[in-house]
Amino acid sequence: MALQSSFSSSSAHPFSSSSIRYKWKYDVFISFRGQDTRLGFTGNLYSALHNKGIHTFFDDDKLQSGEEITPALLKAIEESRIAIIVLSPNYAYSSFCLKELVHILDCIKGNSRLVLPIFYEVDPSDVRHLKESFGEAMAKHEKRYNKVDKWKKALHQLANFSGYHFKHGEGYEHKFIEKIVQDISRKISRVPLPVADYPVGLESHVPQVISLLEMDSTNRVHMVGIHGIGGIGKTTLSLAIYNFIADNFEAVCFLENVRENSQKHGLMHLQKDLLCKILGKEGVHIIGVNEGTSQIQRRLCQMKVLLVLDDVDDYKQLEAIAGKPDWFGGGSRVIITTRDTHLLKLHGVERTYCIEGLNRKESFKLLIWKSFKTNTVSPPSYADVLNRAITYASGHPLALELIGSNLFRKEVQVWESALDQFEKHLDHKIHNILRISFDALGEQEQSVFLDIACCFKGYTSKEISDLLQAHYGRSMEYHIRVLHDKSLIKICQGHKVTMHDLIEDMGKEIDDLEKSAEMPGKRRRLWFYKDV
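Every letter in the sequence shown is one number past the one before it in the UniProt record's numbering, and letter 357, counting from 1, is 357.
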């Protein structure tokens, strides 16, 4: 039975960079009505969790004070990764339990925590529609309290979550408890993947991608694409989202460096890697890509899977690993990061998110941290060089990280000298990462890219097309579209063609260094007045 987080498509998701650190004090918080189940089911459940080494908060009555929830109990809820609510027949008669439930739902909403209802000797429809004891309890509360509407809404919301059902006479209680403990043990054994030592800017991106994933849609399979230039933060964003929502799935897999691993080891290696991560290494034998495709479809079609394919650059990779949504069970989500939006369109991925660079404030925070390992204001003497570095990087996270790391606690004079060098020649790491997209182009597309980078940035697409047609003798519209799909250029409002400053620098450097740099007269493109 799947666990479920309290996501709401109609509300914002209060993600913060601290959300990805998962520093829970308790693995599980159990909410229950003591008179009903403390000495029976809930007590046995707590013992089973405790014996498995699952750190569980179990209220022993010391934290309860009348009908009000104590600060210590509220803190325990907030510091728990999973909340179990045992809905027994008399649960709703307790105003204390209902207040606790409301706080649990408010606390976990959009914060990657799980809520697990256990319908113990009750029918979910009775909880949802307030029938039997739940309806009687609400009628009683309405005579005393003003918060009843909020309690009704909380019960209705909880009844719609996936959970566990038990009634005496329908099975053994100890086996029922074993199943719950196994599921929770599997959930908490998942270790969050490292995102970044100092994540910046995720607060604005994560909620928007979460909304595209439609986490409340539990039956459909959704594929979402994240695209942007190299080094802009696609992998970092996908890691943060993976950690944020992974506990909602029966099986999870993050396939990193798909492009590189596909080139080195082939598609069959990627297929085997996927199956091994989800099913375990034993029993996974593949002798060809077609067989791997068949095994993925057959073995994962009933599982609610979270799959992240990072850095995809070839349609064959998508065909081999995630050919169609029905390869995976209902509620599955597939996230694809790529520089090539055409691949997403070709694969029928309609939900896409373009990740832009950091704004100036975010750039400053990242650069300060990398340069001085502090998030406080930098020394005043560094103000000019920091602003200069931020302008140069143009919001590119990788560039900011490399500048800050290379100049960590260096003197201002060293900063000035280094920036002089950066402005003349791209750092080789930045150059190599950005150049991956250039090298993937055909010869004519490379030529058109260099034309735009060296001479036509800021022109309209029609102006560029007319100029290139006059030069090449044929239309270059297709080639311009390829550059756009590969995230090398952007076509903005008014059809103006732009590109990131670092991509422009890369293009000019390629043309300058590889096309007779010392003899301008032999070069195709001249944009610097001294060369002219």
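Cβ atoms here follow ideal geometry from the backbone N, Cα and C, with glycine treated the same way.
- Item | Residue burial classification, Leu400 (beta-carbon count within 10 angstroms, cutoff 16) | buried
- Query: Which stretch, first to last residue, makes up the alpha helix (DSSP H) that contains Gly292?
  - Reply: From DSSP, the alpha helix (DSSP H) with Gly292 extends over 289-300.
- Pair every Cβ in the segment 286-300 with every Cβ in the segment 217-237, then say whether three or more of these pairs are closer than 8 Å. Verdict: no, contact absent.
- Message: For Ile41 and Ala92, which I take to be in contact (beta-carbon distance under 8 Å), what is that distance rounded to the nearest angstrom?
- Response: In the sequence under discussion, the amino acid at residue 41 is Phe, which differs from the Ile named in the question. In fact, because the Cβ distance is near 17 Å, the residues do not count as touching under 8 Å.
- Query: Mapping DSSP to helix, strand and coil, what is Val209?
  - Reply: helix
- Straight-line Cα distance separating Asp340 from Arg259: When only Cα atoms are considered, Arg259 and Asp340 end up about 12 Å apart.
- Task: Would you identify the three-state DSSP class for residue 533, choosing helix, strand or coil?
- Result: Residue coverage of the chain in this structure runs from 1 to 532, which leaves residue 533 outside it and unanswerable.
- Where Leu274 and Asp27 are concerned, what is the direct C-alpha to C-alpha distance, given to the nearest angstrom? 27 Å
- Chain-order list of residues whose beta-carbon lies under 6 Å from that of Leu450 (same chain, five-residue window excluded): Gly507, Asp511.
- Query: Just the Cα atoms here: how many angstroms apart are Thr460 and Arg481?
  - Reply: Cα to Cα, Thr460 sits roughly 13 Å from Arg481.
- Message: Using DSSP's beta-bridge definition, name the partner residues of Ile30.
- Response: BP columns for Ile30 point to Phe58, Ile84.
- Query: Hey, is the segment 409-418 in contact with the segment 377-388, meaning 3+ C-beta pairs nearer than 8 Å?
  - Reply: yes
- Which of helix, strand or coil does DSSP assign to Cys107? helix
- Message: With the cut-off set at 8 Å, would you say Lys490 and Leu441 are in Cβ contact?
- Response: no
- Item | Those runs of the alpha helix (DSSP H) which lie wholly inside the segment 93-150 and span at least 4 residues | 95-108, 124-129, 132-142
- Going by CA-CA distance only, name the one from Asp36, Phe57, Trp151, Glu78 that's closest to Phe119. Asp36
- Task: May I have the straight-line CA-CA distance separating Cys454 from Asp439, to the nearest angstrom?
- Result: 17 Å
- Buried or exposed: His428, going by 16 or more other Cβ atoms within 10 Å of its Cβ? exposed
- Message: For Trp24, which residues in the same chain have their Cβ closer than 7 Å to its Cβ, ignoring the five residues on either side in sequence?
- Response: These residues qualify, in order along the chain: Glu79, Ser80, Arg81.
- Message: For the structure I just gave you, are there three or more beta carbon pairs, one from the segment 321-337 and one from the segment 297-310, closer than 8 Å?
- Response: With the cut-off at 8 Å, the segment 321-337 and the segment 297-310 touch.
- Task: Whole angstroms is fine: what's the gap from Leu202's alpha carbon to Leu366's?
- Result: Whole-angstrom Cα-Cα distance: 12 Å.
- Leaving out the 5 sequence neighbours to the left and right, which residues in its chain are closer than 6 Å to Ala251 when beta-carbon positions are compared? Ile278, Met303, Val305
- Query: Going by C-alpha distance, which of Arg38, His484, Phe161 is nearest Ser125?
  - Reply: Phe161
- Query: Since Ala154 and Val122 are thought to touch, with beta carbons under 8 Å apart, how far apart are those beta carbons, to the nearest angstrom?
  - Reply: The Cβ separation is near 15 Å, so there is no contact.
- Query: Applying the criterion that 16 or more other CB atoms from any shown protein chain within 10 Å of the CB defines a buried residue, is Leu239 buried or exposed?
  - Reply: buried
- Query: Starting from Tyr353 and walking both ways along the beta strand (DSSP E), at which residues does that stretch end?
  - Reply: 351-354
- Throw me the rounded Cβ distance for the Ser394 and Lys370 pair, which I believe falls under 8 Å. Contact flag wrong, Cβ pair sits at about 16 Å.
- Task: Let me know the secondary structure DSSP gives Glu256 once reduced to three states.
- Result: coil
- Item | Glu68 (DSSP reduced to helix, strand or coil) | strand
- Task: Pick out whichever of Leu49, Val127, Leu74, Tyr164 has its Cα sitting closest to the Cα of Val115.
- Result: Tyr164
- Item | Beta-carbon contacts of Tyr145 that lie in its chain and below 7 Å, excluding the five residues immediately before and after | Ser95
- Query: Does the Cβ-Cβ distance between Ser31 and Glu142 come in under 8 Å?
  - Reply: In this structure, Glu142 does not lie closer than 8 Å to Ser31 by Cβ.
- Query: Where does the unbroken beta strand (DSSP E) through Val334 begin, and where does it stop?
  - Reply: Looking at the DSSP string, the run of the beta strand (DSSP E) that includes Val334 is 333-338.
- Do Gln271 and Ile296 come within 8 Å of each other at the CB atom, strictly closer than that value? yes
- Message: Please return the same chain residues whose Cβ sits closer than 8 Å to the Cβ of Ser465, not counting the five positions on each side in sequence.
- Response: Ser475, Met476, Glu477, Ile480
- Task: In angstroms with no decimal places, state the Cα-to-Cα distance between Gly292 and Trp327.
- Result: 12 Å
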